[in-house]
Amino acid sequence: MRSLAVVMCLGLGLASGPAVAAKGKKISVRAGSVAPQGTPWAIWLKQFAKRVSKQAKAAGMNVRIKPALGGKLGGEKEMVEECRLGRLPLIGVSTGAIATAAPSLNVFELPYLFRDSAEADHVLDNVVFDQVSEILARQGFVLLGFSENGWHGMATLQKPIKRADDFKGLKLRVQQSRVHLETFRALGGSPVEMGVPEVLSALQNKVVDGFTNTPLFTFATNWVDSIKHYSLTGHIYQPAVLVASKKWFDRQDKRLQKVLLDPKYREKETKKGRQLIRKLNAPLLEQFKLKKVQVHEVSAGERQKMAKRAKKVHKLFKSFGGPEGAKLLAAIEKGLKAYRRGK
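Reminder that position 131 of the sequence shown reads as 131 in my numbering, one-by-one numbering, no gaps.
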């Protein structure tokens, strides 16, 4: 984590200010995340907490959001369930994790759904935000905003993945998501579902041959120290969400509800969160190389082969994603078509 802090100082130039105390009854709110301390996700969550406290104070309330980072409250799947039941007020998790409670949101994990970050931002912010908010509300969550995990690559212990055929026979850790399982089956690998707290040990003991995740998450979790290759396959763009437990939210003062849902700040915070993460990508890949990890580009032709093999997962999703998922996918495809036509 020390080297990540160095990269962040160079790439972001961030500073933090002191917490502000307020009068009145104190409301202490836990916010869970598997994001390690010092990462952009942790910084983003702390900035959100600071903003909420400041606005709440102006509204006559004393609110303190306390981030519990690094999976202290469990893996993402466990935190999603605790939040749904009202036992954990706030969580910041990947869409793959929240989809364990709202299966239709697996749509965002579909391989090669977006061509670039601009497409993803447009769809999430302008096309499906309200639809996703309604889906989450039905499952016991209140959507406060989007962030991102980013673009996944393939990390491996021995054999690099540079061609579509290179997945064959590899035992690959994937997060607990039906789409991730089906994607790597389609690509020819042998996927193994595993929570974040188990992965480092599995890599060190060679229980798996590699995993799929973003450069930042790979570095922040120290998984980078167990791999030899990282391939820029860009097979999944993975958003993240900040949500509140609806059971908890509905019990709160309307002033606090208004602060949490403030659309003006949501837009700013979403943009800032993405910037924090994207600005680090290039410096992190240089850090990979300093750690003797070979970073591999993947040709457009091989990516096309991977996308073609993984396309069957889009069709499968229409069955296990249900009518709600099919409707959401249709909205995304319509939004992408219009966006691409207008470029």
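Glycine included, each C-beta is placed from N, C-alpha and C at the ideal position.
(request) Express the C-alpha separation of A155 and A164 in angstroms, rounding to a whole number. (result) Reading the sequence shown from its first residue, position 164 is the one you call residue 164. Reading the sequence shown from its first residue, position 155 is the one you call residue 155. Roughly 15 Å between the two C-alpha positions.
(request) Please name the residue, chosen from L113, T100, L88 and R84, that lies closest to K315 on a Cα-to-Cα basis. (result) The residue given as residue 315 occupies position 315 in the sequence shown. It is L113 whose Cα lies nearest to the Cα of K315.
(message) Give me the DSSP bridge partner(s) of N213.
(response) The residue you call residue 213 lines up with position 213 of the sequence shown. Bridge partners of N213: G153.
(message) Starting from G32, trace the beta strand (DSSP E) in both directions and tell me its first and last residue.
(response) For the purposes of this step, residue 32 is identified with residue 32 of the sequence shown, where counting begins at 1. Element bounds for G32: K26 to G32.
(message) Is the beta carbon of G322 closer than 9 Å to that of P103?
(response) Stepping through the sequence shown from its first residue, residue 103 is reached at position 103. Stepping through the sequence shown from its first residue, residue 322 is reached at position 322. In contact: P103 and G322 (Cβ atoms closer than 9 Å).
(request) Could you tell me which of E269, A331 and L232 sits nearest to R303, measuring between CA atoms? (result) Residue 303 sits at position 303 when you count from the first residue of the sequence shown. The shortest C-alpha separation from R303 is found at L232.
(message) Only counting the same chain, and skipping five residues up and downstream in sequence, which positions put a Cβ closer than 7 Å to that of M369?
(response) Shown here, the chain extends from 1 to 343; a query on residue 369 therefore has no answer.
(request) Label L143 either buried or exposed according to how many other C-beta atoms from any shown protein chain fall within 10 Å of its C-beta, with 16 as the threshold for buried. (result) Here the question's residue 143 lines up with position 143 in the sequence shown. Under this definition L143 is a buried residue.
(request) Please check the pair I65 and A31, which I expect to be a contact at CB under 8 Å, by giving their CB distance rounded to whole angstroms. (result) In the sequence shown, counting from the first residue as 1, residue 65 sits at position 65. In the sequence shown, counting from the first residue as 1, residue 31 sits at position 31. Correct: roughly 5 Å between the Cβ atoms.
(message) Can you give me the C-alpha to C-alpha distance between W44 and G92, rounded to a whole angstrom?
(response) Within the sequence shown, numbered from 1, the residue matching residue 44 stands at position 44. Within the sequence shown, numbered from 1, the residue matching residue 92 stands at position 92. The alpha-carbon atoms of W44 and G92 are separated by roughly 10 Å.
(request) Only counting runs of 3 or more residues, tell me where the beta strand (DSSP E) segments fall wholly within the segment 153-198, in order along the chain. (result) 153-156, 171-174 and 190-193
(message) Counting C-beta neighbours from all protein chains within 10 Å, is the total for D250 16 or more, i.e. buried, or is it exposed?
(response) Taking the sequence shown and counting its residues from 1, the one referred to as residue 250 is at position 250. Exposed, since its Cβ has fewer than 16 Cβ neighbours within 10 Å.
(message) In whole angstroms, give me the CA-to-CA distance for N205 and D225.
(response) In the sequence shown, residue 205 corresponds to position 205, counting from 1. In the sequence shown, residue 225 corresponds to position 225, counting from 1. Approximately 13 Å between the Cα atoms of the pair.
(request) Express the C-alpha separation of Q257 and P263 in angstroms, rounding to a whole number. (result) As a position in the sequence shown, residue 263 is number 263, starting the count at 1. As a position in the sequence shown, residue 257 is number 257, starting the count at 1. Roughly 12 Å between the two C-alpha positions.
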